[in-house]
Amino acid sequence: MNSKKFSSSAEARAFFNTVMMPNYNPSPVVPVKGVGSRIFDEEGKDYIDFGGGIAVTALGHCHPVMVEAIREQSEKLWHMSNVFTNVPALELAEKLIRNTFAERVYFCNSGGEANEGALKLARRYAHDKFSPEKYEIISFNNSFHGRTFFTVCVGGQDKYKQGFGPIPEGIINVPFNDLEAVKKVISKKKTAAIIVEPIQGEGGIFAADESFLKGLRELCTANDALLIFDEVQTGMGRTGHLYAYQGYGVTPDILTSAKSLGGGIPIGAVLSTEEISSSLVVGTHGSTYGGNPLACHVASKVFDVVNDPKTLSGVLEKRERIVKKLESINAKYPFFDEVRGRGLLIGLYLKEELRGKAREFLAPCAEKGLLMLVAGLDVLRFAPSLLISDTDIDEGLSRFEEVLRLR
Ligand SMILES: Cc1ncc(COP(=O)(O)O)c(C=O)c1O
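Just so it is clear: in the sequence shown, position 207 is 206 by numbering that gives the first Met the number 0, and no numbers are missing.
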């Protein structure tokens with residue numbers, strides 16, 4: 000127990016309800032320490048982390064490179080605001096530009112904020128370059144782009160929008176992977192942008208078809224609309240490419256990144272070309288903390304590890320290992336019908352009688368020492384560290400098999 004206040008996990012969890020707003024309902028597990036892909040709770044019990052803080056801890060917990068980066072920068076400069084140039088932000092921006100289509104970068108603090116910035120940039124660009132009537136945003140059913148008001152309204156899940164008042168004008172949701180549906184609503188006169196996750200994460204780990212993304216690219220180009228890829232979950236090595244668009248061979252006009260970008264330090268980024276970025280003139284957008292030196296220095300060191308070819312090829316090898324073992328577990332204790340996703344963003348679509356019950360796996364997994372995620376009601380999700388060891392994979396999956404055996 001490392002807290003003076005609480006004598007047990009249960010006591011800390013109970014206290015949560017007395018001081019926190021009720022928008023979360025956390026697990027009874029109260030993690031207090033993490034090393035690599037192992038987590039320890041208040042009582043010292045160990046858990047294998049297959050969730051990675053929802054696709055964030057790309058290098059695992061307390062990776063020595065990150066610990067050293069924090070120490071190093073924390074002794075120099077933490078925060079000055081964007082009134083001043085900061086060198087760690089320049090270094091990180093340069094790495095992102097060198098390794099992607101981008102020519103300019105804007106930093107913020109989260110995925111929602113990155114998408115908020117991307118959508119504002121797209122509307123502003125259409126307004127400046129074409130006409131004030133060109134403001135429509137096309138997005139997809141089941142998509143998730145964050146919890147700010149604009150991003151939640153653009154997202155394709157009604158449950159997140161209900162009760163928050165009128166939705167801003169000019170947002171159109173159509174079915175994912177359905178190019179014909181996009182063709183019916185896109186127009187040169189009104190469409191400012193299409194925003195799409197190359198793999199829908201929160202919506203159930205649905206990968207876009209290559210022909211769909213290629214088709215969106217062509218439609219955007221033909222209609223003077225911008226193509227925004229939300230790579231908050233798929234970016235930074237998650238699919239075995241630095242960004243998923245590189246695996247698809249389809250280049251967006253704007254790309255958003257967060258989650259694994261900081262490996263656990265809050266940071267988000269909007270990437271775009273020089274021409275499109277030129278609409279974000281001084282005063283049009285900003286963030287006090289966005290790209291502060293501490294976050295950028297850590298993200299810069301995370302970037303170097305993720306962008307190592309060994310890390311990226313390791314992602315594909317680890318996927319293969321996990322999927323192979325899951326298939327053999329499924330042969331013994333059938334529980335899923337389909338493996339979805341790419342790289343280390345893996346979704347197991349549960350078999351019919353288990354659909355709607357994905358969350359029911361979480362407590363027994365935690366009981367056996369395994370931290371899992373769901374994606375919607377029908378899918379179990381794996382988004383572990385990109386560096387998870389074979390030993391932790393094997394141990395985690397044997398704990399998982401034990402959960403199935405006892406069901
Ligand atoms: C694709 C996608 N976009 C945006 C977000 C929002 O990111 P954040 O929670 O950092 O605001 C998420 C979070 O799950 C996401 O998966």
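Quick reminder that beta carbons are idealized off the backbone N, C-alpha and C, glycines included. Since we're looking at a predicted model, the values are computed, not measured.
Heavy atom of ligand 1 less than 8 Å from the Cβ of residue i, yes or no?
i	result
GLY50	no
LYS258	yes
SER109	yes
ALA207	no
HIS144	yes
ILE53	yes
VAL231	yes
ASN24	no
ASN141	no
ARG238	Here the sequence assigns Thr to residue 238, which means Arg is not the residue at that position. Every heavy atom of ligand 1 is 8 Å or more from the Cβ of THR238, so no.
ASN114	yes
THR56	no
GLY375	no
GLU326	no
GLY267	yes
GLY289	no
GLY479	This structure does not reach residue 479, given that the chain is present from 0 up to 406, and the question cannot be answered.
GLU71	no
So, under 8 Å CB-CB, residue i and residue j are touching, yes? Tell me the CB distance rounded to an integer number of Å.
i	j	result
TYR332	LEU260	Not really, about 37 Å apart at Cβ, beyond 8 Å.
PHE381	ILE328	So it is not a contact: roughly 13 Å between Cβ atoms.
ALA257	ILE264	Between ILE264 and ALA257 the Cβ distance is about 11 Å, and since that is not below 8 Å, they are no contact.
ALA121	LEU225	5 Å
VAL281	THR255	Not really, about 22 Å apart at Cβ, beyond 8 Å.
THR190	ASN140	Incorrect: roughly 17 Å between the Cβ atoms, too far for contact.
Let me see if you follow: with CB-CB separation under 9 Å, is residue i close to chain C or not?
i	result
ALA257	The displayed structure is made up of one protein chain only, and chain C is not part of it.
For residue i, count neighbouring Cβ atoms within 10 angstroms of its own Cβ and tell me buried if that reaches 16, exposed if not.
i	result
GLN161	exposed
PRO383	buried
ASP48	buried
ASP157	exposed
HIS240	buried
PRO423	Within the shown structure, residues of the chain are numbered from 0 to 406, placing residue 423 beyond reach of any answer.
VAL82	exposed
ARG237	buried
MET235	buried
LEU376	exposed
SER276	buried
VAL305	buried
GLU135	buried
Hey, is residue i close to ligand 3, as in C-beta under 8 Å from one of its heavy atoms?
i	result
THR150	Absence of ligand 3 is noted for the structure shown, with ligand 1 being the only ligands found.
**Message:** Is it the case that the segment 269–276 contacts the segment 6–26, given that we only count it when at least three CB pairs across the two stretches are under 8 Å?
**Reply:** no
- In chain order, which alpha helix (DSSP H) runs of at least 4 residues are fully inside the segment 250–319? 273–276 and 292–305
What runs of the beta strand (DSSP E), each 3 residues or longer, lie entirely inside the segment 99–186? 103–107, 135–139 and 170–173
On the three-pair Cβ rule with 8 Å, is the segment 83–97 touching the segment 282–297? The answer is yes - the segment 282–297 touches the segment 83–97, with three or more Cβ pairs under 8 Å.
Start-end ranges of the beta strand (DSSP E) lying completely within the segment 1–74, minimum 3 residues
30–34, 37–40 and 45–48
Quiz item: Using 8 Å as the Cβ pair cut-off and three pairs as the minimum, do the segment 278–287 and the segment 351–363 touch?
Solution: no
**Message:** Across the segment 312–320 and the segment 386–393, are there enough close Cβ pairs to call them in contact, namely three or more that are closer than 8 Å?
**Reply:** Yes, the segment 312–320 touches the segment 386–393.
Quiz item: Should the segment 41–61 be regarded as contacting the segment 362–378, the criterion being three or more beta carbon pairs within less than 8 Å?
Solution: yes
Exercise. Do the segment 171–181 and the segment 305–319 touch if we need at least three Cβ pairs shorter than 8 Å?
Worked result: no
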